[in-house]
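Protein chains in written order, with the numbering used here: chain A, 56 to 440; chain B, 371 to 711; chain C, 665 to 1011. Every residue gets a Cβ at the ideal spot worked out from N, C-alpha and C, and that includes glycine. The structure presented is a predicted model; accordingly, all values stated were derived computationally and were not measured. Reviewing the structure listed below.
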């Protein structure tokens, strides 16, 4: 049943960590060559991430394309083997498991995918799709029990039993996503990683699926890692939020604190860029616009990865020392709110003012696709202000 | 001339009386061999005044993109039927021949699309793509056109424009490509620019740049803008007047402040209520609109939104609600959301 | 806004949900009209459940919907008709033929110099061949051998290609590289020359050598096609989802990857059948087929006709026409199948 944490959505210091990610790096080799592929470099998709997800909470991972959030999500499931680091799930290091051991452990961690059409096998009926997981982990005793379980699953996600005999293409996008969620639930996982669960859905349907995910979390005592680029969705659904930029976490805080008081320059820019459906706010808000292109993940900047575009960049430390995620010494900021910035306190207090940043266009290297993005890579030039 | 009278809003008064673009009873029906014909656009009327920014807002399948393609004359030759009128400065675009339309495209009206990579020619340098438009419509020489192209690239905020003139689209990243597209669209100073989901495929910080750029450019040049999007936040910041589309028809039209403060159509209201907000976190349940666009009824005999509508009455399933003026806005509903207080 | 969810009341919420579902299920049977929601306030009469409608009745798989489209496609129907006639004739040929194709009833009319090929006459609508056998009967019965050769060769190529392609696509790595290099070598040799070479290796030519030769030539085509499809499938989201679910690897290959890869392969098979028939004709023409011509086969007949083609072209034209028409039938079927199975035209 649901634990006490659900009624209190400001997560207090619960020490029950379900997922412990330490030093995870995912580097994709870049190969060139005519006959033999030589490795000429790496795409540093995820470059040293530590995070903990506590039992029963929802951790939101947010960032733009090229930040590595989807790759990190897959690395946690070991769908993308980490190059380095450990992912400790309930005490077991998933990153080091292989073969049959890994396959069996998969029962505990499931994934919900972004595109409901392509993540369902078009040739299998819903019944067959939902039975797959059960069969793979020997969870069914006989046909009647299986049928009962399938009905329960469908009921849990809001679909009628009539859906069992149908095929994915006969459903709407929102319904397909529900089927995907039902599939993930079928094996009784403890953790569900939702990779952009609503971004491919219509706006009016997104709210349905978000509500559903929350309901299911209460009902089944699930823990969620939600990876998304939509800041409002993440705000709504998460207890704690981590912001990623170019392969690393730059800020992590309880959702309320992060959105009320972003401390990292990138988070500030990110939040100020989100369009709000309220003309009064839109007319009067101050935007912090970023400049320059996103650096290539194959060639990240030295020191702080954000320093090439940071409006608060300082002549010392920013281009030489890579900042670590640390607590800040500011009044009113909880210890849980961590920032990876050398100057976070001075920026927040107003001691340091933002300045112009020279726009730099980064040549896009042919053949190196952003590991993360289903959408086109970011770049920008702009004015501050 | 169609019988329906145009229902205007307060913002139109600000931009003068003479509309630049008048869309009257536009209908686009798609026909496929062996299957039923499908009305993607089912009777749309709206005006755009010079310098005004008009939004077309709706979800997938509401017909907003098809409307823009019909206005530009870019629908495929076969498989569809277009009816109605699209008057640009008095000339009905739907009645023009292909070459007459080509003369106008780029010069009087221009369009930018969602995916800049597929809209740009991959084998032609970007600068040349801008210059080509100038050469074609303004008769400039290559040299003169390239000079103006450089100016345009600078104007849209591309750094180091001299070098970028020779770049190919694949060498530029998403936001820059979109800026290049804007440069091509605005090169000949068209009176009307149609932007079809120009920032949907971009990251949010880049989206902010591009929208800010668009806003500045249209203010500076006085170009009218039709902004097509599903994102109500974009519309809130950019558009003077907003049309909300559902299943191929306009269900509500209002100036942006009144629309967001007091949405009257249950669909608009439902959308605004169902969007997660930045300042509302866990513990507050969202209010989704049940069902999906697949649950529509045909407009010809009912209100298409009725199955999903919390305000639906019996009459909504039996008759089509007409588009009517109601407190300074156009509304298509038998049982709109009550004005609060 | 609704108050925050209270865990004590989630049982109620679940009950509401099940009630709402019950209404949807009930309405699903009645022509898909949205259910009546009695719980809503204020005159709301007709809302659908949260998830929307799910139409009643059995589901329709992609194959079923493709079949429905095919049934109305005139191109497919033409091709299928031709193929059907061909197959029927091939089966009943010997009983329908007016004469025994091996018998030589017109032998007495054959004169080497003046009348090497008996003309059309009552009882023999197409006349005879050089040894007095009834041409019509030979054509009718010859279809059977042609069909056997075509089908077996295609099947052989298909099976071989399936095996190689599945191995390469599913296992990847060095297996993939090795298989593909072999396939590349095979593809670099022109098909007919490869077939001739293989057929010529045999000690004595026979129908079996023809079948084997053509099958071998088709293997790399199928292998490459299937491997490409499998690779695309391997990168697809639903395979990733199956991996995430913990489905065993062989189940992933055979339940997820293979069925989705078969579409283009099936289409290719129908087209290959057409070319197999033509290639078989070619091999027989070159004398690499069954030398015993008492059992007629169209390609063989075509080959034998080359001596007299200038004076008696009909000896070549009739078998050639048969081959062309049958190949056309399969090709039309294959083309329309390709269109029907094209994922872009799926809903």
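{"Asked": "Listed by chain order, chain A residues near residue 524 of chain B by CB distance under 9 Å", "Found": "Those do not exist, as residue 524 of chain B stays about 11 Å from chain A at its closest Cβ, beyond 9 Å."}
{"Asked": "Short CB-CB distance (under 8 Å) between residue 716 of chain C and chain B", "Found": "yes"}
{"Asked": "Sub-8 Å separation of residue 334 of chain A and residue 630 of chain B beta-carbons", "Found": "yes"}
{"Asked": "Chain A contact residues for residue 722 of chain C, given Cβ-Cβ distances below 7 Å", "Found": "220"}
{"Asked": "CB-CB length for residue 272 of chain A against residue 540 of chain B, believed under 8 Å", "Found": "Actually they are not in contact, since the Cβ atoms of residue 272 of chain A and residue 540 of chain B sit about 43 Å apart, beyond 8 Å."}
{"Asked": "Residue 481 of chain B - containing beta strand (DSSP E), residue span", "Found": "479–482"}
{"Asked": "Interface residues of chain C facing residue 485 of chain B [CB-CB closer than 7 Å]", "Found": "Per Cβ cutoff of 7 Å: no residues; residue 485 of chain B is ~17 Å from chain C at best."}
{"Asked": "Residues bridged to residue 920 of chain C [DSSP beta-bridge criterion]", "Found": "Paired residues: none, contrary to the question."}
{"Asked": "Interface positions of the segment 664–675 of chain B facing chain C (Cβ-Cβ less than 7 Å), listed along the chain", "Found": "664, 665"}
{"Asked": "Segment limits, beta strand (DSSP E) that includes residue 414 of chain B", "Found": "408–418"}
{"Asked": "Residue 313 of chain A: first and last residue of the uninterrupted alpha helix (DSSP H) it sits in", "Found": "310–315"}
{"Asked": "Between the CA atoms of residue 434 of chain B and residue 524 of chain B - distance to the nearest angstrom", "Found": "31 Å"}
{"Asked": "8 Å Cβ cutoff, residue 299 of chain A in contact with chain C", "Found": "no"}
{"Asked": "Beta-bridge pairing of residue 278 of chain A - partner residues as DSSP gives them", "Found": "A:246"}
{"Asked": "Span of the beta strand (DSSP E), counted from its first residue to its last, around residue 143 of chain A", "Found": "139–144"}
{"Asked": "C-alpha distance - residue 614 of chain B paired with residue 695 of chain B, whole-angstrom precision", "Found": "15 Å"}
{"Asked": "Of the residues A:86, A:282, A:75, A:310, the one placed nearest residue 653 of chain B, counting alpha carbons only", "Found": "A:310"}
{"Asked": "Bridge-paired residues (DSSP) for residue 84 of chain A", "Found": "A:97"}
{"Asked": "Complete runs of the beta strand (DSSP E) confined to the segment 112–200 of chain A [at least 3 residues]", "Found": "113–117, 139–144, 164–167"}
{"Asked": "Chain C contact for residue 165 of chain A (CB, 8 Å cutoff)", "Found": "yes"}
{"Asked": "Buried/exposed call for residue 962 of chain C, threshold 16 Cβ in 10 Å", "Found": "buried"}
{"Asked": "Within 8 Å, strictly: CB atoms of residue 672 of chain B and residue 657 of chain B", "Found": "no"}
{"Asked": "Runs of alpha helix (DSSP H) wholly within the segment 568–654 of chain B (minimum 4 residues, chain order)", "Found": "574–591, 602–608, 626–631, 636–644"}
{"Asked": "Residue 834 of chain C: CB within 7 Å of a non-hydrogen atom of the ligand FMN", "Found": "Of ligands this structure carries none, so the ligand FMN is not represented either."}
{"Asked": "For residue 401 of chain A, the first and last residue of its enclosing alpha helix (DSSP H)", "Found": "399–404"}
{"Asked": "C-alpha gap between residue 690 of chain C and residue 713 of chain C, whole angstroms", "Found": "Residue confidence for residue 690 of chain C is low, a pLDDT of 36 falling below 50, so the modelled location carries little weight and cannot support an answer."}
{"Asked": "CA-to-CA distance, residue 304 of chain A to residue 124 of chain A, given in whole angstroms", "Found": "9 Å"}
{"Asked": "Residue 409 of chain A versus residue 367 of chain A - alpha carbon distance", "Found": "5 Å"}
{"Asked": "Close-in-space but distant-in-sequence residues of the same chain around residue 585 of chain B (CB under 7 Å, 5 per side omitted)", "Found": "608"}
{"Asked": "Whole-number beta carbon distance between residue 874 of chain C and residue 863 of chain C, since they are thought to touch under 8 Å", "Found": "6 Å"}
{"Asked": "Counted within 10 angstroms of its Cβ, other Cβ atoms place residue 670 of chain B as buried (16 or more) or exposed", "Found": "exposed"}
{"Asked": "Endpoints, the alpha helix (DSSP H) within which residue 231 of chain A is located", "Found": "228–240"}
{"Asked": "Beta carbon proximity, residue 217 of chain A to chain B, threshold 8 Å", "Found": "no"}
{"Asked": "Separation of residue 664 of chain B from residue 692 of chain C, as counted between CA atoms", "Found": "With a pLDDT of only 35 at residue 692 of chain C, under the threshold of 50, the placement of this residue in the model should not be trusted; the figure read from the coordinates follows. Their backbone Cα atoms lie some 14 Å apart in a straight line."}
{"Asked": "Segment contact, 8 Å Cβ cut-off, at least three pairs: the segment 207–222 of chain A with the segment 716–734 of chain C", "Found": "yes"}
{"Asked": "Span of the alpha helix (DSSP H) around residue 299 of chain A", "Found": "Not the alpha helix (DSSP H): residue 299 of chain A falls in the beta strand (DSSP E), residues 295–300."}
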